[in-house]
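**Q**
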Amino acid sequence: TMKAKEMEVLKATVRTLAEERGEEATALAESTIEDARAVSATEALKAGVIDFIAEDLSDLLVQLDDHEIKINNKTRTLTTKNALPEEIPLSLLEEMLKLLTNPNIVFLLIAIGTQAIFIEMGSPGGWMAGFIGVVSLAFAAYGMGVLPVNYFGLIFIIISFVLFILEVKAPSHGALTAAGIATFIVGALALFNMPGTPDFVHVSVPLVITVALLIAAMFTAILTLALRAQRRPIQTGHESMIGKIGYAKTDFTPHGSAHIEGEIWSAENVDKTRPISKHARLEVVSVEGIRLKVKKPDD
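Have a look at this one:
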């Protein structure tokens, strides 16, 4: 089978690397592949798989001194006892790429990118949300190319955003939002959780819960605003003028001209007990055809 062939290839590779270190080293190296055996540094040193154990870089340089190595079939002797280590700092690009291998950063990029893309799809015409989404997902794709991704978790994260969008489009009194939060948390926790992966590769649980609550709060706010807009009475045409404040262009007797939101209207003062003089403030009470009914504001 393919698995057996892969196993034999790996065993052949470690045999090639360990054959010059003796039979015990070769057998130990093969057992790490065949039996998934884990050995300590002391066991590896005793078997001859490694040459020595160093406590730190300085200790390593001391032990490497006068050590012989082969380069292109030529034996060379290392002189490292008095060598001074030189630290080469990472470039800005290397620092950024290193940052993108952090599972928490990749998770945040996926969350931001997916959310931005859905916002762009929900209200097309702009470009900022779509741009942020594409850039975030592009950076996340690099990180996922390095980290062990569980695509089951990625699919769950996408499904959670679909549920959030459906809640906005067809309100379910919070049922879809709750399902979205649960799906998002499951997907985030499974995103880099593959068999055999160390704990430091997993996404932080507090971060997952925090992001899930923030996303839920955002979609809840959007839903609340949408419901308020639906309940608000529809005002079209002249009806939207009611309640507007402007000022008189002329003295009202009781008819005159009013300046409302940059437009000049013919108007009539409906409160004869409170005359409206030129430049006085006035309030629109109603609209009849192309004429406004106005009065002095109560304040």
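Under the numbering used here, residues 26 to 324 are what the sequence shown spells out, in order.
Just so you know, even glycine gets a beta-carbon here, dropped at the ideal spot from N, CA and C.
Looking at C-alpha atoms only, which residue of Ala-273, Ser-229 and Ala-203 is the closest neighbour of Ala-242?
**A** With distances taken between Cα atoms, Ala-242 lies closest to Ala-203.
**Q** Taking buried to mean at least 16 other C-beta atoms within 10 Å of its own C-beta, is Trp-152 buried or exposed?
**A** Under this definition Trp-152 is an exposed residue.
**Q** Just to confirm my understanding: we take Ile-78, look at its own chain, exclude 5 residues before and 5 after, and list those with CB closer than 7 Å. What are they?
**A** Cβ neighbours of Ile-78 beyond the five flanking positions: Ala-66 and Leu-70.
**Q** Does the stretch 154-164 touch the stretch 133-145, meaning 3 or more C-beta pairs lie closer than 8 Å?
**A** Yes, the stretch 133-145 is in contact with the stretch 154-164.
**Q** Quick check on DSSP: helix, strand or coil for Ser-185?
**A** The answer is helix: DSSP assigns Ser-185 an H, G or I state.
**Q** When DSSP builds the beta bridges, which residues end up paired with Ser-282?
**A** Ser-282 is bridged to Ser-291.
**Q** Does the beta-carbon of Thr-298 have 16 or more other beta-carbons within 10 angstroms, so that it is buried, or is it exposed?
**A** Thr-298 comes out exposed.
**Q** According to the Cβ coordinates, are Phe-181 and Val-211 closer than 8 Å?
**A** Their beta carbons are under 8 Å apart, which means Phe-181 touches Val-211 by this criterion.
**Q** Would the beta-carbon of Phe-177 fall within 8 Å of that of Ala-207?
**A** Going by C-beta atoms, Phe-177 is not nearer than 8 Å to Ala-207.
**Q** By Cβ distance, which residues of its chain are closer than 6 Å to Val-92, with the 5 residues on each side in sequence left out?
**A** With the sequence shown as reference, residue 92 is identified as His, and Val is not the correct amino acid for it. Here the set comprises Leu-103.
**Q** Tell me the rounded alpha-carbon separation between Ile-58 and Gly-47.
**A** Rounded to the nearest angstrom, the two C-alpha atoms are 17 Å apart.
**Q** Taking the beta strand (DSSP E) that Ala-273 falls in, what are its first and last residues?
**A** Residues 270-273.
**Q** Please look up how many angstroms separate the CB atoms of Pro-128 and Phe-217, rounded, as I've assumed it's under 8 Å.
**A** The Cβ separation is near 5 Å, so the contact holds.
**Q** Where do the N-terminal and C-terminal ends of the alpha helix (DSSP H) with Thr-67 fall, by residue?
**A** Looking at the DSSP string, the run of the alpha helix (DSSP H) that includes Thr-67 is 66-72.
**Q** Please classify Asn-107 as buried or exposed, where buried requires at least 16 neighbouring CB atoms within 10 angstroms.
**A** Asn-107 is exposed by the Cβ-count criterion.
**Q** Indicate whether Val-74 and Leu-53 have their beta-carbon atoms separated by less than 8 Å.
**A** For Val-74 and Leu-53, yes; Cβs fall inside 8 Å.
**Q** Measure the beta-carbon distance from Val-312 to Ile-267 and round it to whole angstroms, keeping in mind my assumption that it falls under 8 Å.
**A** At roughly 7 Å, the Cβ-Cβ gap stays under 8 Å, so Val-312 and Ile-267 are in contact.
**Q** Sort Asp-276, Val-295 and Leu-307 by Cα distance to Ile-285 and report the nearest one.
**A** Out of Asp-276, Val-295 and Leu-307, Leu-307 has the C-alpha closest to the C-alpha of Ile-285.
**Q** Mapping the DSSP letters down to three states, classify Leu-201 as helix, strand or coil.
**A** If DSSP states are grouped into helix, strand and coil, Leu-201 belongs with the helices.
**Q** Cα-Cα, which of Glu-111, Ser-197 and Thr-126 is closest to Leu-118?
**A** That would be Thr-126, whose Cα lies nearest to the Cα of Leu-118.
**Q** Spatial neighbours of Leu-115 within its chain, please: C-beta separation below 6 Å, excluding the five flanking residues on both sides.
**A** None.
**Q** For Val-310, report the span of its alpha helix (DSSP H) as first-last.
**A** Not the alpha helix (DSSP H): Val-310 falls in the beta strand (DSSP E), residues 306-313.
**Q** Over what stretch of residues does the alpha helix (DSSP H) that includes Lys-123 continue unbroken?
**A** Lys-123 -> alpha helix (DSSP H) spans 117-124.
**Q** Enumerate in chain order the residues of its own chain whose CB-to-CB distance from Val-171 is below 7 Å, with the five nearest sequence positions on each side excluded.
**A** Answer for Val-171: Thr-126, listed in chain order.
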